[in-house]
Amino acid sequence: MSAPHARDHVASRPTWRCRACGIAWPCSAAKVRLLAEYRGNTPGLMVFLVTLREEATAQLAELNPSTPLPDLHRRFTDWVRVRSGQPSRSGCICCCPGDNNCTQSPLRS
Numbered sequence: 001m002s003a004p005h006a007r008d009h010v011a012s013r014p015t016w017r018c019r020a021c022g023i024a025w026p027c028s029a030a031k032v033r034l035l036a037e038y039r040g041n042t043p044g045l046m047v048f049l050v051t052l053r054e055e056a057t058a059q060l061a062e063l064n065p066s067t068p069l070p071d072l073h074r075r076f077t078d079w080v081r082v083r084s085g086q087p088s089r090s091g092c093i094c095c096c097p098g099d100n101n102c103t104q105s106p107l108r109s
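The structure is reproduced here in structure tokens:
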């Protein structure tokens, strides 16, 4: 079996898990792909992610009505740089989420 490609890292609705790697979407590979697709259009990326976040909120609430929702703001949008040259508050997205000192993050390039 071949390794999954970045394009395979899409959300499986209504669980919002990655179809390729099974972790909470957007996974690291999906984040890197989204950053590349929306390079130079951060507002467009944020509109897209907020729209998906709202969809995920509704679907996850319906799927598990008695379970508190995870922090979907952080998961869907907090990792995106809001200004050129500024790291997100979440820091690294590839190997050590939350580490603003990571040197391997694609956000550092």
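Throughout the sequence shown, residue numbering follows full-length UniProt numbering, covering 1 to 109 in sequence.
Virtual Cβ for every residue (Gly too), placed ideally from N, Cα, C.
In or out: L49 buried (at least 16 other Cβ within 10 Å) or exposed? buried
So, are the CB atoms of residue 162 and T51 less than 7 Å apart? For residue 162 there is no data in the structure shown, the boundaries of the chain being 1 and 109.
Can you tell me which of the three DSSP states residue 114 falls into? With the chain covering only 1 through 109, there is no way to say anything about residue 114.
May I have the straight-line CA-CA distance separating S88 from L63, to the nearest angstrom? The predicted position of S88 is uncertain, since its pLDDT is 48 and thus under 50; no value can be drawn from it.
CB-CB under 8 Å to G44, same chain, minus the five flanking residues each way: which ones, in chain order? Y38
Limits of the alpha helix (DSSP H) - the one that V50 falls within: T42 to L63
By DSSP, does A11 sit in helix, in strand, or in coil? strand
In three-state DSSP terms, what is R81? coil
Note down the Cα distance separating C18 from T77, rounded to an integer number of angstroms. 16 Å
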